[in-house]
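2 protein chains.
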Amino acid sequence: MLVREATDDDLPAIGPFFREIVADGETYAFPEDLDDAGVRAWWFAPAPGRTVVAVDDDGTVLGTAKMGPNRPGRGSHVGTASFMVSPAARGRGVGRALAEHVVACHLEQGYDGIQFSAVVETNTGAVALWRSLGFEVLATVPGAFDPRRHGKVGLHVMFLPLR
Amino acid sequence: MLVREATDDDLPAIGPFFREIVADGETYAFPEDLDDAGVRAWWFAPAPGRTVVAVDDDGTVLGTAKMGPNRPGRGSHVGTASFMVSPAARGRGVGRALAEHVVACHLEQGYDGIQFSAVVETNTGAVALWRSLGFEVLATVPGAFDPRRHGKVGLHVMFLPLR
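Taken in sequence, the protein lines are chains A and B.
According to our numbering, the residues represented by the first sequence are 1280 to 1442, in order.
According to our numbering, the residues represented by the second sequence are 1280 to 1442, in order.
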């Protein structure tokens, strides 16, 4: 598996699983029904942010991550990131590979830490992965996510100090 | 003091104190040096968000607030807001008037709660005001704000449940 910079040529591969994951309604408070141009606007991070894809040996896109400063100006020394793994590629370590890449990028770029502001508390696989990388849950905003299939759940604010 | 909808005609009044407060560097992780068009893009919230101004009897703009959903999609039932009081109008209850207006708007619109994601912990006046309205500090992201005049300080995540 290779993690490389995403390009516009990856949009036709990203778009379908991006829409599938958002429509599934259990993990992301993102706009629904974005077309590929909308996915590009939402997911492709302007510099100094970056968007990457994980691809297999055939070049198939398995997942994607975006990263960049969590805030502008006097908050830009803390980074943030978001991750999407194609449902067809689950269980192959794609999320972990993307996450390790993102942490390494933040270290290289001298960030003080990484903040995730909206990790759905019932997304236990993701929460366990972030914890295994050293992230801690700082707080849980009660009921801040409205899943498609059950009652409202909290959004974790998670943080990994890098220095 | 009246709190009313902001219009483009208020930009020449908002712009100078917006830039002064951001450049002062103690309270907001916002982009610096925005011109009035940049302030408009950053501060004037698209529907269903709103931007309001507090004005005195002469029509002088004393402060402004923006509000709207904290997240799109499945997070849009929690609101958020930001506030700016003109330094020339401090100590006159402008922040409180704006905050009470914002809470009333959120109640009217049926939000579940209000989240502030980046309250600078050393901005003790603001923290005390939010606490007096019922907000609680859920967490403090360590060192996430880099003030102009001293070392890095935390950003509070504050929350007010509305139902």
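Glycine is no exception: its CB is placed at the ideal position from the N, C-alpha and C atoms.
Check: Close Cβ partners of B/L1417 (< 6 Å) along its chain, the five nearest in sequence each way excluded; Outcome: V1436 and F1438
Check: C-beta contact flag for B/L1281 and B/V1334 at 8 Å; Outcome: yes
Check: Whole-angstrom distance between B/E1284 and A/A1383, CA atom to CA atom; Outcome: 45 Å
Check: Sub-8 Å separation of A/A1393 and A/L1441 beta-carbons; Outcome: It is worth fixing the name first, because residue 1393 of chain A is Ile in this sequence and not Ala. Yes. Within cutoff.
Check: Alpha helix (DSSP H) segment containing B/T1330, residue limits; Outcome: Here B/T1330 belongs to no alpha helix (DSSP H); instead the beta strand (DSSP E) covers R1329 to V1334.
Check: Contact set for B/A1376: own chain, Cβ-Cβ below 7 Å, skip 5 residues either direction; Outcome: M1280, V1282 and A1333
Check: Contacts of B/D1425 in chain A (Cβ-Cβ under 7 Å); Outcome: R1353 and H1356
Check: Expected contact under 8 Å - CB spacing of A/G1354 and B/A1405 to nearest Å; Outcome: 16 Å between Cβ atoms; not a contact.
Check: Terminal residues of the beta strand (DSSP E) in which B/T1286 lies; Outcome: Note, B/T1286: premise wrong, no beta strand (DSSP E); not H, not E.
Check: Buried/exposed call for B/A1367, threshold 16 Cβ in 10 Å; Outcome: exposed
Check: Neighbouring residues, chain A, relative to B/F1376 (Cβ below 7 Å); Outcome: Residue identity differs from the one stated: residue 1376 of chain B is Ala in this sequence, not Phe. Within 7 Å Cβ-Cβ: nothing; B/A1376 doesn't reach chain A, min ~26 Å.
Check: Identity of the residue in B/T1419, B/G1342 and B/G1352 nearest B/V1381 by Cα; Outcome: B/G1342
Check: Minimum Cβ-Cβ distance from A/Q1388 to chain E less than 8 Å; Outcome: No chain E appears in the structure shown, which is made up of the protein chains A and B.
Check: Unbroken beta strand (DSSP E) run spanning A/A1397, endpoints; Outcome: G1392 to V1399
Check: Nearest candidate by alpha-carbon position, reference A/P1421, set B/D1391, B/F1323, B/G1430 and B/P1310; Outcome: B/D1391
Check: Counted within 10 angstroms of its Cβ, other Cβ atoms place B/H1429 as buried (16 or more) or exposed; Outcome: exposed
Check: Local conformation of A/P1348 per DSSP, three classes; Outcome: strand
Check: Contact list for B/G1304 against chain A, beta-carbon separation under 7 Å; Outcome: R1353
Check: Contact with chain B by A/S1396, beta-carbon distance below 8 Å; Outcome: yes
Check: Pairwise C-alpha distance: A/K1431 and B/H1356; Outcome: 10 Å
Check: Delimiting residues of the alpha helix (DSSP H) encompassing A/G1404; Outcome: T1403 to S1411
Check: Range of the contiguous alpha helix (DSSP H) that encloses A/A1326; Outcome: It is not in any alpha helix (DSSP H) - A/A1326 carries neither H nor E in the DSSP assignment.
Check: Terminal residues of the beta strand (DSSP E) in which B/G1433 lies; Outcome: V1432 to P1440
Check: B/R1410 classed as buried or exposed, judged by whether at least 16 other C-beta atoms fall within 10 angstroms; Outcome: exposed
Check: Nearest-angstrom Cα separation, counted from A/A1344 out to A/V1398; Outcome: 14 Å
Check: Close beta carbons around A/D1425, own chain, < 6 Å, minus the five adjacent residues each side; Outcome: K1431
Check: For B/F1228, three-class secondary structure by DSSP; Outcome: This structure cannot settle anything about residue 1228 of chain B, because the visible part of chain B is limited to 1280 through 1442.
Check: Beta-carbon contacts of B/A1423 that lie in its chain and below 7 Å, excluding the five residues immediately before and after; Outcome: G1433 and L1434
Check: Residues of its chain near B/A1360, where Cβ-Cβ distance is below 6 Å and the 5 sequence neighbours each way are ignored; Outcome: A1344, M1346 and V1381
Check: Where A/A1320 falls: helix, strand or coil (DSSP); Outcome: helix
Check: Distance between A/E1400 and A/L1313 (C-alpha atoms, nearest Å); Outcome: 25 Å
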